[in-house]
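Student:
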Amino acid sequence: MATHELGHAQQLTHLIRPGAIMHYGIAAGANLRILSPASDVAGGRLVLRTRSFRNRGCGGPAMLPAPLTALATTVAGGVPAFTLSTRAECFLTGFVLERSAGLDTTAASGGWQAVATAGAGLASGQYTLADPRPAAGLHYYRLSLRRPDGTTDYAAPLPLLTDGGPEAQAFPNPITGDQLQVVYPAAANGNLTLRFYDELGRYHRGQLVAVQTGLNVLTLNVAGMRPGFYILRLTDDQGSRSIRIVKR
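As numbered in numbering that gives the first Met the number 0, residues 0 to 247 make up the sequence shown, in order.
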């Protein structure tokens with residue numbers, strides 16, 4: 000029963016499959032100690048791949064697929080690179096670094112393209128994968144882990160800005176639609192307050208969002224804002240900064 004209840008803790012539901020750990024009716028005195036590859040193992044992997052390895056917008060950063068223990072990004076000389084660490088490698092054949100041609104990383108139109116590969120098995124467990132031909136501007140990167148059975152696990156996509164400094168940026172600017180995206184580098188986990196002021200200094204609208212250490216891409220709804228000049232003020236625990244915005 001303990002293993003069955005742990006399955007519920009991992010968001011697995013009941014099955015009608017006698018002999019499976021997650022069978023809805025376990026008889027008294029039953030002794031089930033083997034996970035079913037077709038149900039228990041497959042269900043656990045499905046939950047990991049569709050929920051645990053993704054940023055859901057709450058609950059902190061996404062989990063890293065095993066055997067990853069650390070994953071970091073850097074941009075040096077305009078070249079994006081991923082540094083990663085592993086521990087007790089098993090059920091792993093290699094890594095692939097992919098870049099998205101679009102910002103919608105959940106859709107097929109995201110256009111993921113492989114830019115670098117590395118084989119598994121280094122004794123040090125330390126790897127670096129770089130994009131040899133980076134595209135200018137904001138793009139998303141993700142690390143994929145290739146498994147011996149032909150399946151792939153993906154770490155959560157991470158945004159990288161290959162040009163420009165560590166300052167907040169907003170685009171498109173001028174605004175032509177109902178959405179504004181803000182690229183915000185956070186020094187630490189915390190909250191960010193965004194406020195819009197018009198050219199006369201009058202407060203127009205604002206919101207509070209949670210940010211994580213590193214580069215954050217925030218999508219703001221600017222529907223209903225009249226054409227004109229605005230100041231977007233961003234305030235966190237480290238201070239405030241402003242971005243000039245034009246709405247057409």
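Backbone N, C-alpha and C define an ideal beta-carbon position, used for all residues, glycine too.
1) Rounded to the nearest angstrom, what separates Thr12 and Leu45 at their Cα positions?
2) By the 10 Å Cβ neighbour count, where 16 or more other Cβ atoms means buried, how is Arg85 classified, buried or exposed?
3) Against chain B, does Gly43 count as a neighbour if the rule is that its beta carbon must be under 9 Å from one of theirs?
4) With Asn190 and Leu207 assumed to form a contact (beta carbons below 8 Å), what rounded beta-carbon distance in angstroms separates them?
5) Following the continuous beta strand (DSSP E) through Val182, name the residue where it begins and the one where it ends.
6) Quick check: Gly124 and Thr68, are their CB atoms within less than 9 Å of each other?
7) Which of the three DSSP states is assigned to Gly149 in this structure?
8) List the endpoints of the continuous alpha helix (DSSP H) containing Gly6.
9) Ala248 and Asp39: beta carbons closer than 9 Å?
10) For Asn215, collect the residues of the same chain with a Cβ closer than 7 Å to its Cβ; drop the 5 residues on either side in sequence, then sort them by chain order.
11) Are Ala71 and Leu63 touching if we call contact CB-CB under 9 Å?
12) For Asp197, which three-state DSSP category applies?
13) Which residue comes first and which comes last in the alpha helix (DSSP H) that contains Ala41?
14) Comparing C-alpha positions only, which one of Gly43, Ala29, Ala129 and Gly28 sits nearest to Leu5?
15) My guess is that Gly227 and Lys246 are in contact by the Cβ rule of under 8 Å, so how many angstroms apart are they, rounded?
16) Measure the alpha-carbon distance for Arg141 versus Leu219 and round it to whole angstroms.
17) With DSSP as the reference, please indicate the residues paired to Leu233 in a beta bridge.
18) In whole angstroms, what is the alpha-carbon distance linking Leu31 and Val221?
19) Going by the CB atoms, is the gap between Arg225 and Gly233 shorter than 9 Å?
Tutor: In brief:
1) One-based indexing of the sequence shown puts residue 12 at position 13. One-based indexing of the sequence shown puts residue 45 at position 46. Whole-angstrom Cα-Cα distance: 12 Å.
2) Taking the sequence shown and counting its residues from 1, one reaches residue 85 at position 86. A small fix is needed here, since residue 85 is Thr in this sequence, not Arg. When all chains shown are included, Thr85 counts as buried.
3) You won't find chain B in this structure, because it holds only one protein chain.
4) For the purposes of this step, residue 190 is taken as residue 191 along the sequence shown, with counting starting at 1. For the purposes of this step, residue 207 is taken as residue 208 along the sequence shown, with counting starting at 1. Correct: roughly 6 Å between the Cβ atoms.
5) Translated into the one-based positions of the sequence shown, residue 182 becomes position 183. Segment Gln178 to Ala185, the beta strand (DSSP E) holding Val182.
6) As a working note, residue 124 is residue 125 in the sequence shown. As a working note, residue 68 is residue 69 in the sequence shown. Yes, they are a contact pair.
7) Taking the sequence shown and counting its residues from 1, one reaches residue 149 at position 150. Coil at Gly149, not helix or strand.
8) Here residue 6 refers to the residue found at position 7 when the sequence shown is read from its first residue. Looking at the DSSP string, the run of the alpha helix (DSSP H) that includes Gly6 is Ala1 to Ala8.
9) Outside the displayed span of the chain (0 to 247) sits residue 248, for which this structure offers no information.
10) On the sequence shown, position 216 is the one that residue 215 refers to. Once the five neighbours on either side are set aside, the close Cβ partners of Asn215 are Tyr183 and Ala185.
11) Your numbering for residue 71 matches position 72 in the sequence shown. Your numbering for residue 63 matches position 64 in the sequence shown. Not a contact, by the Cβ cut-off of 9 Å.
12) Numbered from 1 along the sequence shown, position 198 holds the residue referred to as residue 197. In the three-state scheme derived from DSSP, where H, G and I count as helix and E and B as strand, Asp197 is classed as strand.
13) For this step, residue 41 is matched to residue 42 along the sequence shown. Counting along the chain, the alpha helix (DSSP H) containing Ala41 begins and ends at Ala41 to Val46.
14) Within the sequence shown, numbered from 1, the residue matching residue 5 stands at position 6. That would be Gly43, whose Cα lies nearest to the Cα of Leu5.
15) Counted from its first residue, the sequence shown places residue 227 at position 228. Counted from its first residue, the sequence shown places residue 246 at position 247. 6 Å between Cβ atoms; contact.
16) Translated into positions along the sequence shown, residue 141 becomes position 142. Translated into positions along the sequence shown, residue 219 becomes position 220. For Arg141 and Leu219, the distance between alpha carbons rounds to 24 Å.
17) Sequence index remark: in the sequence shown, residue 233 carries index 234 (1-based). Leu233 pairs with Leu193 and Arg240.
18) By one-based count along the sequence shown, residue 31 stands at place 32. By one-based count along the sequence shown, residue 221 stands at place 222. So the alpha carbons of these two residues sit roughly 56 Å apart.
19) The residue you call residue 233 lines up with position 234 of the sequence shown. The residue you call residue 225 lines up with position 226 of the sequence shown. The sequence given here places Leu at residue 233; Gly does not occur at that position. It is not a contact, given that the beta carbons lie outside the stated cut-off.
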